[in-house]
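Sequential numbering of the sequence shown, starting at 39, is according to my numbering. Beta carbons: idealized from backbone N, C-alpha and C, even for Gly. Fair warning: this is a prediction, and the values are worked out from it, not measured in the lab.
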Amino acid sequence: MKTQEYLDKITSPRPVSYARLSNLDRKGIAEGKAFVGMSREGVMAALGYPAVHRTPSLDSPTYIYWTNRFGTMAVNFDAKGKVASIIN
């Protein structure tokens, strides 16, 4: 992915509305954390896009995030697109 393409994905000139997201999604966004029961959209708003080389598709059942330089966290989704489990 080219730099400008990535920047266009993670930034917007217009404010983003989270009104349609659940209270749990909004809590996760406010705390910068993923919680069991959150939607994919809520997780991405809270944590950002997952590492592309570890999560090549946003349709993947698992998103992999770096927690620090050496560690990762797996966010597993169920068939309905809700967080089923989080493995640190």
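- Listed as beta-bridge partners of ASN114 by DSSP are THR100, SER123.
- Apart from sequence neighbours up to five positions away, the residues of its chain that approach ILE48 with a beta-carbon distance below 8 Å are GLY86, TYR87, ordered along the chain.
- In this structure, the straight-line span from the alpha carbon of GLY119 to that of LEU96 is close to 11 Å.
- The straight-line gap separating the alpha-carbon atoms of THR93 and GLY109 is approximately 15 Å.
- Counting along the chain, no alpha helix (DSSP H) covers TYR56, and no H or E run does either.
- Minimum Cα-Cα distance from VAL113 among the listed residues ASN106, THR105, SER123, TRP104 corresponds to SER123.
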